[in-house]
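Inspection log for the structure reproduced underneath, given as structure tokens.
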Amino acid sequence: MTIDSSFIQPEWLSRSSLEVAPDLLGCTLVRQFADGLTLRGLIVETEAYTVGDPACHAYRRQTDRNRIMFGTAGMTYVYLIYGMYHCLNVVTDRDGVPSAVLIRALQLDRLPPWCLGEKQTRVAAGPGKLCRAFKVDLTLTAQPFQPGQALWLEHRSPPFQEQIEQHAIAFVQTTRIGLTQGVDLPWRWYVKNCAAVSKKG
DNA sequence: CTTCCGATTGAA
DNA sequence: TCAATCGGAAGG
Numbered sequence: 205m206t207i208d209s210s211f212i213q214p215e216w217l218s219r220s221s222l223e224v225a226p227d228l229l230g231c232t233l234v235r236q237f238a239d240g241l242t243l244r245g246l247i248v249e250t251e252a253y254t255v256g257d258p259a260c261h262a263y264r265r266q267t268d269r270n271r272i273m274f275g276t277a278g279m280t281y282v283y284l285i286y287g288m289y290h291c292l293n294v295v296t297d298r299d300g301v302p303s304a305v306l307i308r309a310l311q312l313d314r315l316p317p318w319c320l321g322e323k324q325t326r327v328a329a330g331p332g333k334l335c336r337a338f339k340v341d342l343t344l345t346a347q348p349f350q351p352g353q354a355l356w357l358e359h360r361s362p363p364f365q366e367q368i369e370q371h372a373i374a375f376v377q378t379t380r381i382g383l384t385q386g387v388d389l390p391w392r393w394y395v396k397n398c399a400a401v402s403k404k405g
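Shown next, in the form of structure tokens:
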């Protein structure tokens, strides 16, 4: 068995979420099911949450829910929001520094079978929607992002990276969405002019 | 134990 | 503008 060099390893994620969040734009989230079905989505929108950040679930103290954010990078942090949607995070930074990157939107290469009839560009345009499209729930929290698991991450493709360098693709940095705390911190990033991004601004 | 609320979404 | 819906965090 060979190691796929496109796989994003924990070391790459062991940095501040403020660095990892923009770096994850253009990378790919892979969802693999037990029956072999594999779904892929280009990450087009992210938000960073970190230590000392009043909007971060780990801001007050360590709890059963947020414990995973205090650990090593490269793990999933999934939580339920408003009793009906799930949100998927990538745990970042070094051990003991609670931080994570929320994956807010994906551009899918094809519709999941259970989403037939929906508009492909918008089916994963939002953190709750992408978890619905990829069937991410609480059973997938505190799991490693790793090939062979339910979820893993892959680096930008060379063509995508070239388009960034040629300024054919640009990123926008702005404030985060839906918060009551830390509303002014510009810790949200998205791919400019991408139809799969949840919201503009 | 009880109460309150949210890193959302889509319909009114 | 507002309700749906529930796990977890805070308060008594």
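In my numbering, the protein residues as written are 205 to 405.
Note that CB positions come from ideal geometry on N, CA and C, so glycine has one too.
Measure from the alpha carbon of residue i to the alpha carbon of each residue in the options, then state which is nearest.
i, options, result
"Leu241", "Gly300, Ala399, Lys339, Val327", "Lys339"
"Tyr394", "Lys404, Gly386, Tyr289", "Lys404"
"Leu243", "Gln213, Ser218, Glu358, Glu251", "Glu358"
"Pro348", "Glu369, Val294, Pro390", "Val294"
"Gly330", "His371, Asp299, Ile285, Thr345", "Ile285"
"Thr169", "Asp257, Glu249, Leu246", "Summary: the structure shown does not reach residue 169, with the chain confined to residues 205 through 405, and so no result is reported for it."
"Pro390", "Ala399, Arg380, Asn397", "Arg380"
"Gly278", "Phe211, Ser402, Gly332", "Phe211"
"Gly300", "Glu322, Tyr263, Asp239", "Tyr263"
"Val145", "Glu215, Thr378, Arg336, Val224", "Beyond the ends of the chain as shown, which are 205 and 405, falls residue 145; an answer cannot be given."
"Lys396", "Glu215, Thr250, Gly245, Trp216", "Thr250"
"Gly332", "Asp268, Gly382, Thr267, Thr378", "Gly382"
Measuring only the C-alpha atoms, how far is residue i from residue j?
i, j, result
"Asp388", "Val376", "15 Å"
"Pro302", "Thr343", "21 Å"
"Thr254", "Leu222", "8 Å"
"Gln350", "Leu306", "18 Å"
"Thr296", "His261", "14 Å"
"Ala346", "Ile373", "33 Å"
"Pro226", "Arg360", "12 Å"
"Leu334", "Pro316", "11 Å"
"Gln213", "Arg219", "12 Å"
"Trp318", "Arg265", "38 Å"
"Leu292", "Ile272", "13 Å"
"Gly386", "Gly275", "23 Å"
"Thr325", "Ala399", "6 Å"
"Asp341", "Tyr289", "9 Å"
"Ser402", "Leu229", "14 Å"
"Gln370", "Ala304", "29 Å"
"Arg314", "Cys231", "16 Å"
"Gly287", "Trp216", "33 Å"
"Glu322", "Ala328", "10 Å"
Helix, strand or coil for residue i? Go by DSSP, reduced to three states.
i, result
"Pro317", "helix"
"Gln311", "strand"
"Ala337", "helix"
"Met288", "coil"
"Gly386", "coil"
"Leu357", "strand"
"Ala328", "coil"
Can you check DSSP and say which residues form a bridge with residue i?
i, result
"Gly352", "DSSP output for Gly352 lists no bridge partner at all."
"Trp393", "Thr250, Gln377"
"Ser304", "The residue you asked about is not Ser; residue 304 is Ala in the sequence shown. In DSSP, Ala304 forms a bridge with Tyr253, Val295."
"Met279", "Pro348"
"Phe211", "Glu358"
"Thr343", "In DSSP, Thr343 forms no bridge with anything."
"Leu233", "Gly245, Leu357"
The ligand ATP and residue i: does any heavy atom of the ligand fall closer than 6 Å to the residue's C-beta?
i, result
"Arg269", "For the ligand ATP, the structure offers nothing, since it holds no ligand at all."
Within 8 Å, do at least three Cβ pairs link the stretch 227-236 to the stretch 351-361?
yes
Is it true that the stretch 361-369 meets the stretch 310-320, where meeting means three or more beta-carbon pairs spaced less than 8 Å apart?
no
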